[in-house]
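Participant:
Residue numbers (my numbering): 823 to 917.
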């Protein structure tokens, strides 16, 4: 209780902020808000750029692989896949 009385006694002579001080504080807070908005926008744009880079790099990898194969490579891959499918089919359909 005594501390409250001391605070009240100290503030008795205080007349409050002047109009100039209020304007300054308002401008300062506005600048802080704008800085935080920029920081948040920067972080979100970095996240979107990273996710876009990941998907584009995966797409580029597939594109590089598909253009690097010749017709013979595709034929060999199809033959190997067919052999594996045939083995699995025979395993499940034994007499």
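Glycine included, every Cβ here is placed at the ideal spot set by N, Cα and C.
In whole angstroms, what separates the C-alpha of residue 893 from that of residue 859?
Facilitator: In a straight line, the C-alpha of residue 893 is about 54 Å away from that of residue 859.
Participant: What did DSSP end up calling residue 834 once you bin it into helix, strand or coil?
Facilitator: It is coil, neither helix nor strand.
Participant: What is the DSSP secondary structure of residue 859, reduced to helix, strand or coil?
Facilitator: Residue state, collapsed to three classes: helix.
Participant: Excluding the 5 residues flanking residue 857 on each side, which residues of the same chain have their C-beta closer than 6 Å to its C-beta?
Facilitator: Same-chain partners within the cutoff: there are none.
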